[in-house]
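As you go down the protein sequences, you meet chains A and B in turn. Quick note on numbering: the numbering used here labels position 120 of the first sequence as 120, and the sequence is numbered without any gaps. Quick note on numbering: the numbering used here labels position 203 of the second sequence as 1203, and the sequence is numbered without any gaps. All C-beta atoms in this analysis are idealised placements derived from N, C-alpha and C, irrespective of residue type, glycine included.
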Amino acid sequence: MMKKKSFLSLVSILLVLSLFLAACSGGSSSSSSGNKEGGETKTEGAKTDKPKDGGTITYGIDGAPEGLFEYALYGSAYDSQILEFINEGLFTYDKKLKIKSDLATWDVSGDKLTYTFKLKKGIKWHNGDPLTADDFKYTYETIADKDYTGPRYVNVEHIKGAQEYHDGKADSISGVEVVDPQTFKVTFKEVRVNNLDNLWPYPMPKKYYEGIAVKDLAESKQVRKEPIGVGPFKVKKVVASEYVQMERNDDYWKGKPHLDGVVVKVLDPSVSAGALKKGDVDIMDVRPADLGQVEKAENLDFLEGKSTSYSYIGLRFGHRDQKAGKNVDDYEKFKDLKLRQALLYAIDRKAMVKAFMNDKAVVSNTVIPSVFWIAADQKDLTKYKYSPEKAKKLLAEAGYKDKNNDGFVEDPNGKPFTISFGHYAGPANFEGRAKAIMQAWNDIGIKTKLATGSLVEFNLYNEMKDNDDKALEAFFGSWDTGSDPDPTGLWSSDAEWNYGRWVNKESDEMLKDGLSEKSFDDKYRKDVYVKWQKFFNEQLPALPLWENINIYAVNKRVKNVTLDPSTVVVDPEKWSVTE
Amino acid sequence: MLQYSLRRILGMIPMLILISFVVFSLAKMMPGDPFGGEINPSNTDPKYIEEMRDKLGYNDPIYVQYWNWVKGVAQGDLGKSTTHKLPTLDIILERMPNTIFLALTSLLITYVFAFILGMYAGRKPYTLADNFIAGYNYFALAVPSFIAGIVGIYLFSFQLGWFPFSGSVEVGLKEGSWEFIQSRIHHVILPALILGLMSTAQYTQFLRNDIIENSRKDFVRTARAKGTKESKIYNVHILRNSMIPLITFLGFDLVTIISGSIITETIFTYPGIGKLFVDSVATRDYSVMMSLTMLFSILTLVGNLVADLLYGVADPRIRLD
């Protein structure tokens, strides 16, 4: 879904800070207590059956929100952390990232094109207005408006008539119909299994925004200073780049929250450890590399869970014809399957996770994070366990041999063979990470050099990827998939984000099947994606490295906090404090 | 003097045009654009990014972009921030009070300390205390401000609990109330002390050296021969002469007041111009980045002018015509 903005852009913010603060965050211990070998991680904090009412907690974020407190307009992960307290959507996701009902229940028509949503009773906006079907009609029309400035048009585009409305050829979206104040129908252009996943779920308050032109919405006081929603907490005061103070919403439809209020406070990463230990901040996410600074603190509990993001090494197979919008398969270097397998066997991923991420990541052999219900069982996949011998053997089989005795292999035609590997700049441990990968390849006899000679500044790195820079033959990358499990946007042959430019018909067919009408059956759909993952795992068009783990530090005085793959703000109305 | 100022101001115009060239080309030469990092297949599609690039004119020829920008700036329209989705001017004005408040406080601290230290060291050069002062100054100059900031926070916030470690004001206070003002001052002290005390070196050592030099001059000997009190010689005769080189710094201080301190603001989460500037570079927020660079350039030019004018005030021997 759309809860998180790009993991990358979050990283980029961290990266910039780290340019200045690299020295401050040093000294993080590399030893980690309690290694859990495949053990369960703790996703639920201390419970209490009799939560006390009252009290305020502070939720720390390590970068400033942009100040767009409206789901349809926000772009930064920091803003979304505040939005999670104040607004809700038609549906939400369970721990396996399957859709579950929230503000509404729905029925699907026989032809699977029309969804009828029925809003639950008694839901009110923070200003007292009832939530109605009109609010949703307004929301879809705002997002489809040609003056709309946010990035969510893609989430209404698949509604019938949205395109015509967007182009100014219609006065309303023909696929959205208000039946009565509690009921509305959405009709999609075509039958696709992820129509609902991709539908924009968050309502906008029509009455409250009345009189504001769509193009001025992002600058309006109603969005920036006095935002409202239907969630458990309402905004009391916004101080730009510093904090957002929220108070309890007594009329919350799921019942009155226990806490009096929540303050979301911006903190520099360099002081967050101290603030957590001192109790000035109650909940905050902790980067794996920084865990050593806080994990011994007695006042803190740690929740951790697998996230929806993973890291991989991309391999170049071609370039993108930007005009035609197609990826072209024309780069021969990694054509040999055995070579690709050897490259993965050569890397000791487990040791890297330990050395660079405090053991807080899970080695993975697929590009669908294991939290998804469609994820293949790692047991069914080839594990590519670290084995330099096997890597060397595979290379030899493929004809990569050291013919001139310089210690490095030549390609089957006897020509020198080198790989140019790229990695972006960031915290100090990125340097080590990049070196470790290059060393691993050098060790099996493949001469590997660092693209451009040093880690590449993040913006430049993205530009190089966009332009298919030949220096990036192999490159480090990370994706956060969001909650739609469909990998089409990342790995299908013509996807723009398929940076390795891997073109493969067989894979495309499977991905298409996963969205077809047959896939409305969950079991069928899962089988398709498992098959695709096995195919990917066997073909290795990119080398999967690991899945990232989210870690949150929670002060022991806060009870009933749980973690799901995308956030720790799950039912904050249930949170309470002990004193 | 008026004529001189006018002439100088007119002279700035070609300079500013040149600067605008440099600022614009450097900004556009940076790899990437505001949409470079925004790639999440689940919520932004390539079409949106292309559409926005088109809307914002990033696909226009470079001279058209430059002309549009210059035209806007000349009419007082600094453009719109792509990150904050607000007019650039609003964002800058929002941050300005914080930055000015912090900078003035820290400058005040610097001035007071540097004056006391410099005058003492100049009067008693080559003594133990003078060496100690010089030692402190160079130590402070050598310590990077992010280390000083972190150590300060660790000691005074986490260990002693005297000062808050982040933000510019306590949560939830009403603007304009007495508690609000108190809280603002409470929040500014630690960053200001760290900024102020760490940058006394140049002022102190300049003042000291000038006092030593002046104290050997003929007019001082004459004053001594006349029997003028030693304290009057130092505090009036020498000090006035020794101030002149410091005026040069004053020009630069004007920029410091506005430009803020990147690192201190970041560590203390004190929202000001410095932090805004780094963030805008990182996110390629062109309009904010270019406006701030232009602002700093203009202030540097104005600061130099002010310094030149002040030379005339401080030293009647200097004439400005």
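For K237 of chain A, a Cβ of chain B is located within less than 8 Å of the residue's own Cβ. Taking all protein chains shown into account, M464 of chain A has 16 or more neighbouring C-beta atoms within 10 Å of its C-beta and is therefore buried. In the structure shown, P51 of chain A adopts coil according to DSSP, grouped into three states. The straight-line gap separating the alpha-carbon atoms of K112 of chain A and L1089 of chain B is approximately 50 Å. DSSP, read as helix, strand or coil, puts Y400 of chain A in coil. Using a CB distance cut-off of 8 Å, Y209 of chain A does not count as an interface residue toward chain B. In this structure, V281 of chain A lies near A275 of chain A, with their beta-carbon atoms less than 8 Å apart. In the structure shown, S507 of chain A adopts helical secondary structure according to DSSP, grouped into three states. Residue-level contact check: T1099 of chain B does not touch chain A, since none of the beta carbons of chain A fall below 8 Å from its beta carbon. Identification of chain A residues near Y1120 of chain B by a Cβ-Cβ cut-off of 9 Å yields none; the smallest Cβ-Cβ distance measures about 34 Å. P427 of chain A counts as buried, since at least 16 other C-beta atoms from the protein chains shown sit within 10 angstroms of its C-beta.
By the rule that beta-carbons nearer than 8 Å mark a contact, M1290 of chain B does not touch chain A.
For Y153 of chain A, the nearest beta carbon of chain B is closer than 8 Å to its own beta carbon. Around the CB of E88 of chain A, 16 or more other CB atoms lie within 10 Å, so the residue is classed as buried. Below the 7 Å Cβ cutoff, chain A contributes A240 as neighbours of E1094 of chain B, in chain order. Counting only residues of its own chain and dropping the five nearest sequence neighbours on each side, L1239 of chain B has a CB closer than 8 Å to the CB of M1119, I1211. V1188 of chain B carries a helical assignment under DSSP once its states are collapsed to helix, strand and coil.
When the five nearest sequence neighbours on each side are left out, the beta carbons in the same chain lying within less than 8 Å of the beta carbon of L490 of chain A are those of V367, W479, T481, W497, N498, in order along the chain. With its beta carbon less than 8 Å from one in chain B, T149 of chain A belongs to the interface. The three-state secondary structure of I173 of chain A, taken from DSSP, is coil. Nearest to W1162 of chain B by alpha-carbon distance, out of B:F1139, B:P1034, B:N1137, B:P1191, is B:P1191.
In this structure, DSSP gives M1030 of chain B a state outside helix and strand, which the three-state scheme calls coil. Taking the beta carbon of M1294 of chain B as reference, no residue of chain A falls within 8 Å; the closest one sits roughly 22 Å away.
For T1200 of chain B, the closest of B:A1223, B:L1107, B:Y1066 by C-alpha to C-alpha distance is B:L1107. A direct Cα-Cα distance of roughly 36 Å separates L339 of chain A from M1030 of chain B. Boundaries for H319 of chain A: no alpha helix (DSSP H) harbours it, while the beta strand (DSSP E) harbouring it runs 318 to 321, taken from the DSSP string.
Within the segment 1139 to 1156 of chain B, P1144, F1146, I1147, G1149, I1150, I1153, Y1154 place their CB atoms closer than 9 Å to a CB of chain A, listed in sequence order. The CB of Q245 of chain A comes closer than 7 Å to the CB of V1171, G1172 in chain B, given here in chain order.
Here S241 of chain A carries a coil assignment [DSSP, helix/strand/coil].
Using a Cβ-Cβ cut-off of 7 Å, Y1048 of chain B is close to P151, Y153, V154 of chain A, given in chain order. Interface criterion not met: the Cβ of L1250 of chain B is under 8 Å from no Cβ in chain A. At a Cβ-Cβ threshold of 8 Å, D329 of chain A and G314 of chain A do not count as neighbours. Going by DSSP, E84 of chain A is part of the alpha helix (DSSP H) stretching over 77 to 86.
Contact between Y202 of chain A and Y71 of chain A holds: CB atoms are separated by about 4 Å, below the 8 Å threshold. In this structure, the beta-carbon distance from I1181 of chain B to A1148 of chain B does not fall below 8 Å. Nearest CB-CB separation between T1269 of chain B and chain A: below the 8 Å threshold.
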